[in-house]
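Working notes for the structure below.
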Ligand code: B4P
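Numbering (UniProt numbering), first residue to last: 1 to 192.
Take a look at the structure:
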């Protein structure tokens with residue numbers, strides 16, 4: 001199954017993708033994690049991305065597409081993947097659509113995790129205290145939410161118009177949200 005998780009920063013994409021990966025037995029592809037790995041490795045790409053990410057802005061579309069093409073073409077994606085953090089603007093959505101058409105693997109589902117802004121801010125503040133991620137400071141969070149509203153929100157409309165969008169309530173315990181996502185993928189599935 002090929003699935004894309006959509007939602008604002010802090011909506012639970014990474015959190016739910018980690019669980020869905022076990023449930024669906026397909027890899028979790030997080031562009032945020034891929035970028036953080038490049039930063040940690042000190043690669044040329046990582047050095048370019050580091051400051052942009054810390055500011056809460058988007059890394060260039062060209063870098064992201066190259067990274068995504070590379071990851072999606074690996075053998076472990078033969079049965080599908082869960083995409084988290086990409087596409088983040090309409091250029092990326094078009095590029096992904098073209099890539100999947102080219103390799104004959106259309107997207108099956110686009111799931112949006114819907115969470116009110118005040119709760120997003122609260123969750124990210126919790127992670128900032130627990131993990132100290134470089135872009136979880138208040139100024140970057142404000143910027144990430146602004147970028148989401150102006151650049152990423154239109155991607156939701158893109159998938160709605162393609163008839164692929166399912167909106168899931170992202171408020172509640174991790175298990176509750178997980179069960180809602182699984183139900184949205186297969187309405188009759190029972191995941192306990
Ligand atoms: P990401 O790593 O994608 O970060 P994110 O949008 O903040 O979401 P994340 O998945 O980490 O958090 P989640 O909602 O799971 O991107 C980071 C940066 O990388 C971007 O700002 C950008 O610079 C760059 N980037 C990435 N992709 C890019 C692209 N395609 N193009 C350009 N640039 C790109 O969880 C947040 C917190 O909420 C966690 O602490 C979690 O424990 C908590 N939480 C989750 N679900 C909860 C629940 N149900 N109840 C309570 N808490 C919950």
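For every residue, glycine included, the Cβ atom is placed at its ideal position computed from N, Cα and C.
* Beta-ladder partner(s) of residue 81, from DSSP -> Beta-bridge partners assigned by DSSP to residue 81: 2.
* **Residue burial classification, residue 16 (beta-carbon count within 10 angstroms, cutoff 16)** => Its Cβ being crowded by 16 or more others within 10 Å, residue 16 is buried.
* **With 16 other Cβ atoms within 10 Å as the buried cut-off, status of residue 124** => With 16 or more other Cβ atoms inside 10 Å of its own Cβ, residue 124 counts as buried.
* Can you tell which of 12, 55, 50 has its C-alpha closest to the C-alpha of residue 143? -> When each option's Cα is compared against that of residue 143, the closest is 55.
* Any non-hydrogen atom of the ligand B4P closer than 8 Å to residue 109 Cβ -> Taking 8 Å as the cut-off, the C-beta of residue 109 does not count as close to any heavy atom of the ligand B4P.
* To do: Return the first residue and the last residue of the alpha helix (DSSP H) that residue 30 is part of.
  => Unbroken run through residue 30 is the beta strand (DSSP E), 28-30; no alpha helix (DSSP H).
* Return the CA-CA distance between residue 28 and residue 5, expressed in angstroms with no decimal places. => Here the alpha carbons of residue 5 and residue 28 stand approximately 10 Å from one another.
* Asked: For residue 10, is the classification buried or exposed, using 16 other Cβ atoms within 10 angstroms of its Cβ as the cut-off for buried?
  -> By the beta-carbon neighbour count (other beta carbons within 10 angstroms, threshold 16), residue 10 is buried.
* Close beta carbons around residue 45, own chain, < 7 Å, minus the five adjacent residues each side -> The beta carbon of residue 45 lies closer than 7 Å to those of 38, 63 in the same chain, with the five residues before and after it left out.
* Going straight from the alpha carbon of residue 33 to that of residue 67, what length do you get? -> Roughly 11 Å separates the two Cα atoms.
* Taking the DSSP output, what are the residues bridged to residue 94? -> None; residue 94 has no bridge partner.
* Asked: Cβ of residue 66 within 8 Å of any heavy atom in the ligand B4P?
  -> No; taking the cut-off as 8 Å, the Cβ of residue 66 has no heavy atom of the ligand B4P nearer than that.
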